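Numbering (our numbering), first residue to last: 47 to 292. Just below is one structure, and these are the notes that go with it.
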Ligand code: V07
């Protein structure tokens with residue numbers, strides 16, 4: 047049977063969806079606007095996609111907001127990016143609460159400017175009792191740096207005698223990563239990247255080991271709930287093919 051005509055169902059929704067929100071700069075350039083305008087519009091796409099994801103029953107949505115490499119960008123751009131988290135919550139906190147969304151953060155957050163850190167920590171605290179979707183922002187995140195950090199922590203535990211070498215298992219490594227608070231949903235089921243590039247770019251290296259990859263040509267500021275649905279439908283088609291005899 048041709049399953050290309052099938053519609054999105056509420057079964058087979060991926061638990062953990064992770065998105066590389068690419069194409070903000072290119073979107074702005076095409077419109078002769080400053081890059082910051084692309085980031086600004088990209089923030090509204092975050093709102094649209096988070097609400098749709100929560101309505102679809104996704105348990106965790108992880109968004110790559112700022113990588114450890116992004117510090118190399120011009121200082122004015124970095125400064126603009128660093129005030130986006132507080133702007134995001136000033137504008138959208140009522141909608142986050144109304145949708146029972148819990149905010150989390152993954153990455154080297156101690157190295158963020160104090161104002162950014164405060165805004166994020168406050169949002170995490172204000173939403174900690176919500177039991178709907180986890181909206182997890184990867185902020186100052188790098189996959190290799192995360193693994194190096196976890197490795198040092200484990201090595202020190204061996205030196206201290208708290209654990210033996212044989213206690214190093216996949217489970218122990220997972221519990222040492224910056225996504226450990228996601229518990230049973232720590233591993234990604236569906237990875238989406240917008241704007242046409244087809245690379246992982248150091249995003250959740252361990253956690254993407256078994257995920258489905260979906261690439262969209264839509265630039266992030268144009269991404270919306272229906273773009274997410276297209277990715278979910280493709281995920282379901284692949285699951286059905288995987289489940290059939292052929
Ligand atoms: C950022 C907008 C989306 C496109 C990608 C780059 C620009 C939302 C946040 C954010 C982060 C943490 C948080 C709440 C909101 C954000 C940065 C950039 C650095 F707790 N969008 N967005 N952070 N962009």
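Beta carbons are placed, not taken as given, at the ideal position from N, Cα and C, and that holds for glycine. Since the structure is predicted, the reported quantities are computational estimates derived from the model, not experimental observations.
Rounded to the nearest angstrom, what separates residue 133 and residue 210 at their Cα positions?
The residue given as residue 133 occupies position 87 in the chain shown. The residue given as residue 210 occupies position 164 in the chain shown. Going from the Cα of residue 133 to the Cα of residue 210 covers about 46 Å.
To the nearest angstrom, report how far apart residue 86 and residue 265 are at their CA atoms.
Your numbering for residue 86 matches position 40 in the chain shown. Your numbering for residue 265 matches position 219 in the chain shown. Their Cα atoms are separated by approximately 13 Å.
For residue 289, count the other beta carbons within 10 Å of its own beta carbon; 16 or more makes it buried, fewer makes it exposed. Which is it?
Residue 289 sits at position 243 when you count from the first residue of the chain shown. Its Cβ having fewer than 16 others within 10 Å, residue 289 is exposed.
Please list the terminal residues of the continuous beta strand (DSSP E) segment that includes residue 237.
As a first step, residue 237 must be located in the chain shown, where it is residue number 191. Per DSSP, residue 237 belongs to the beta strand (DSSP E) from 236 to 239.
So for residue 214, helix, strand or coil by DSSP?
As a working mapping, residue 214 is identified with position 168 in the chain shown. The answer is coil: DSSP assigns residue 214 none of H, G, I, E or B.
Express the C-alpha separation of residue 282 and residue 275 in angstroms, rounding to a whole number.
By one-based count along the chain shown, residue 275 stands at place 229. By one-based count along the chain shown, residue 282 stands at place 236. Approximately 10 Å, taken between the alpha carbons.
For the stretch 66 to 73 against the stretch 232 to 243, are there 3 or more C-beta pairs whose distance is under 8 Å?
Yes, since at least three Cβ pairs between the stretch 66 to 73 and the stretch 232 to 243 fall closer than 8 Å, the two stretches touch.
Straight-line CA distance for residue 127 to residue 163?
Here residue 127 corresponds to residue number 81 of the chain shown, with the count starting at 1. Here residue 163 corresponds to residue number 117 of the chain shown, with the count starting at 1. Roughly 13 Å separates the two Cα atoms.
Looking at residue 199: is its Cβ nearer than 9 Å to the Cβ of residue 222?
Position 153 of the chain shown, counted from the first residue, corresponds to residue 199. Position 176 of the chain shown, counted from the first residue, corresponds to residue 222. Going by C-beta atoms, residue 199 is nearer than 9 Å to residue 222.
Any heavy atom of the ligand V07 closer than 8 Å to the Cβ of residue 128?
Within the chain shown, the letter at position 82 stands for residue 128. Yes - the ligand V07 has a heavy atom lying nearer than 8 Å to the Cβ of residue 128.
Classify residue 143: buried if its beta carbon has 16 or more other beta carbons within 10 angstroms, exposed otherwise.
Here residue 143 refers to the residue found at position 97 of the chain shown. Exposed.
In chain order, which continuous runs of the alpha helix (DSSP H) of length 4 or greater are located wholly inside the stretch 65 to 134?
Counting whole runs of 4 or more residues, the stretch 65 to 134 contains the alpha helix (DSSP H) stretches 70 to 76, 81 to 102 and 121 to 128.
Just how far apart, CA to CA, sit residue 147 and residue 267?
Position 101 of the chain shown, counting from 1, holds the residue named residue 147. Position 221 of the chain shown, counting from 1, holds the residue named residue 267. Those two C-alpha atoms are separated by around 22 Å.
Relative to the alpha-carbon of residue 296, which residue among 244, 102 and 121 has its alpha-carbon at the smallest distance?
Residue 296 is absent from the structure shown; the chain starts at 47 and stops at 292.
Three or more beta-carbon pairs under 8 Å between the stretch 163 to 179 and the stretch 80 to 95, yes or no?
Cβ pair count under 8 Å is below three, so no.
In this structure, how does DSSP classify residue 49 when only helix, strand and coil are distinguished?
Locating residue 49 in the chain shown gives position 3, counting from the first residue. The pLDDT assigned to residue 49 is 42, lower than 50, so where the model puts this residue is not dependable; a value taken from the coordinates is nonetheless given after this. Residue 49: helix per DSSP, three-state reduction.
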